[in-house]
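Colleague:
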Amino acid sequence: MSSACPSPTETRDVIERDGFTAPDGRDIVQWRWPQSDGRPTLHWAHATGFHGRLYRPLLDELAGDCNVLAWDMRGHGASAEAADIAKFRGWETYYQDLTAWLEGLDAPVWLAGHSIGATTSIMAAARQPDKVHGLLLAEPAIMDRWQGWQLWLAKLLRRSHRFSLAAGAARRRRVFDSHAAALANFRGRGGFKTWPEAWLEAYVQHGLVQRGDHVRLACAPEWESTTFAHTEHNPWPGIRRLQCPVIALAAERASTFSPRARQRLHALLPCAEVNALPGTTHFLPMERPDTVREALRQAMVPTYHPK
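Going by full-length UniProt numbering, the residue at position 164 of the sequence shown is 164; the numbering climbs one at a time, nothing skipped.
The following block contains the structure:
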């Protein structure tokens, strides 16, 4: 690998496709920004229904400071073909995938992620503590006891698919005439309301694939819905096992990381840094990318030893 540090502008067209083989033999795609010796490595894990390259407005600038990797988790983006609902075992499937990747590394890395990506990073770090320098969690899906009990009961009664996120994903429109038509459809609607245009364009560019004379969602609505229906209801055993520094960023409104969950995490991990960002929603990486980027830079400074 070259020891030269690329500038953010040099990363625009040189992201390479990479990947690894999951425990069940499926191929999981990762995206690799330019790599340099002596710098910390950061792995970014995206939220449900999204993909790794969506976060380029956040990650491109970081690629001048660290070696950036971002996966498309199975069933999403370029890893869509790895989906198999018949073999899906809830979020444990994603945990096993990321844990297997960590197990094959020669040196520890930083793990960061958004929503399910943050929770998956927690579980992988708990299982491979020697391979993780630290965690940056943007709006992790961490339920407090009451929320977790409600979801556990819904799963037990086979009703979790009726929850709003799961039900809404199942009804999601999957086919559009073109990328431009999809962009016009999403702009200013639902969760996309707070997204800057660059983020929306990145989502549409790689989140929909050409199929004949139309484009189709790479993440099938039934896969996204099933993932939501199996949301982690009890992440606390994994959180208790964490041995690395933790920085968690929570939204002010409609957060998947409730105030009670934040209090409990801080009680279990007194050294963890937990911050709620004013004026943000669950999509805080899109709304406050500079804040997320700076938190990552500050966290990784001790492990940055340029040659």
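For every residue, glycine included, the Cβ atom is placed at its ideal position computed from N, Cα and C. The model shown is predicted, which means the values in this text are computed figures rather than measured ones.
Of all the options A198, E252 and P289, which has the alpha carbon lying nearest to the alpha carbon of V274?
Modeller: Comparing Cα-Cα distances from V274 to each of A198, E252 and P289, the minimum goes to E252.
Colleague: Suppose the cutoff is 6 Å on Cβ atoms and the five residues either side in sequence are ignored; what does the same chain contact list for N67 look like?
Modeller: Here the set comprises Q35, R39 and T41.
Colleague: Give the DSSP-derived three-state secondary structure of N67 in the structure shown.
Modeller: Correct three-state label for N67: strand.
Colleague: For a test of the three-state rule: what should DSSP assign to G191, helix, strand or coil?
Modeller: Note: G191 maps to helix in three-state DSSP.
Colleague: From which residue to which residue does the alpha helix (DSSP H) around Q263 run?
Modeller: Here the alpha helix (DSSP H) through Q263 covers P259 to L268.
Colleague: Classify Q30: buried if its beta carbon has 16 or more other beta carbons within 10 angstroms, exposed otherwise.
Modeller: Q30 should be labelled buried.
Colleague: Counting C-beta neighbours from all protein chains within 10 Å, is the total for K193 16 or more, i.e. buried, or is it exposed?
Modeller: Burial call: exposed.
Colleague: Should the segment 116-126 be called in touch with the segment 237-245, which here means at least 3 C-beta pairs below 8 Å?
Modeller: The answer is yes - the segment 237-245 touches the segment 116-126, with three or more Cβ pairs under 8 Å.
Colleague: Let me know if V14 comes out buried or exposed under the rule of 16 or more other beta-carbons within 10 Å of its beta-carbon.
Modeller: Exposed.
Colleague: Can you tell me whether DSSP reads E273 as helix, strand or coil?
Modeller: Reduced to three states, the DSSP call for E273 is strand.
Colleague: In whole angstroms, give me the CA-to-CA distance for R162 and P196.
Modeller: The alpha-carbon atoms of R162 and P196 are separated by roughly 31 Å.
Colleague: Helix, strand or coil, according to DSSP, for V204 in the structure here?
Modeller: Three-state result, V204: helix.
Colleague: Tell me where the beta strand (DSSP E) around E16 begins and ends.
Modeller: Unbroken beta strand (DSSP E) run through E16: E16 to T21.
Colleague: Could you tell me whether the segment 165-180 touches the segment 290-301, where touching means 3 or more Cβ pairs closer than 8 Å?
Modeller: Too few Cβ pairs lie closer than 8 Å, so no.
Colleague: DSSP three-state label for F228, please.
Modeller: Three-state result, F228: helix.
Colleague: Need the endpoints of the alpha helix (DSSP H) that W236 sits in, please.
Modeller: First-last of the alpha helix (DSSP H) with W236: W236 to R240.
Colleague: For L183, which option in E201, C244, R74 and A167 has the closest C-alpha, if you only look at C-alpha atoms?
Modeller: Closest by alpha carbon: E201.
Colleague: Can you tell me the Cα-Cα spacing of R53 and C244, whole angstroms?
Modeller: So the two alpha carbons sit approximately 27 Å from each other.
Colleague: With hydrogens ignored, establish whether the beta-carbon of L268 is closer than 7 Å to any heavy atom of the ligand ATP.
Modeller: Absent from the structure shown: the ligand ATP. Ligands present: none.
Colleague: Roughly how many angstroms separate the alpha carbons of H233 and T93, rounded to a whole number?
Modeller: So the two alpha carbons sit approximately 15 Å from each other.
Colleague: Which term fits P278, buried or exposed, when burial requires 16 or more other beta carbons within 10 angstroms of its beta carbon?
Modeller: Answer is exposed; the Cβ neighbour count stays below 16.
Colleague: Would you say V204 and A218 are within 8 Å of each other, going by their C-beta atoms?
Modeller: It is not a contact, given that the beta carbons lie outside the stated cut-off.
Colleague: Please state the DSSP three-state secondary structure of L136.
Modeller: Looking at L136 - three-state DSSP - the assignment turns out to be strand.
Colleague: How would you write the range of the alpha helix (DSSP H) that H179 sits in, first residue to last?
Modeller: Run containing H179: H179 to F186, per the alpha helix (DSSP H) assignment.
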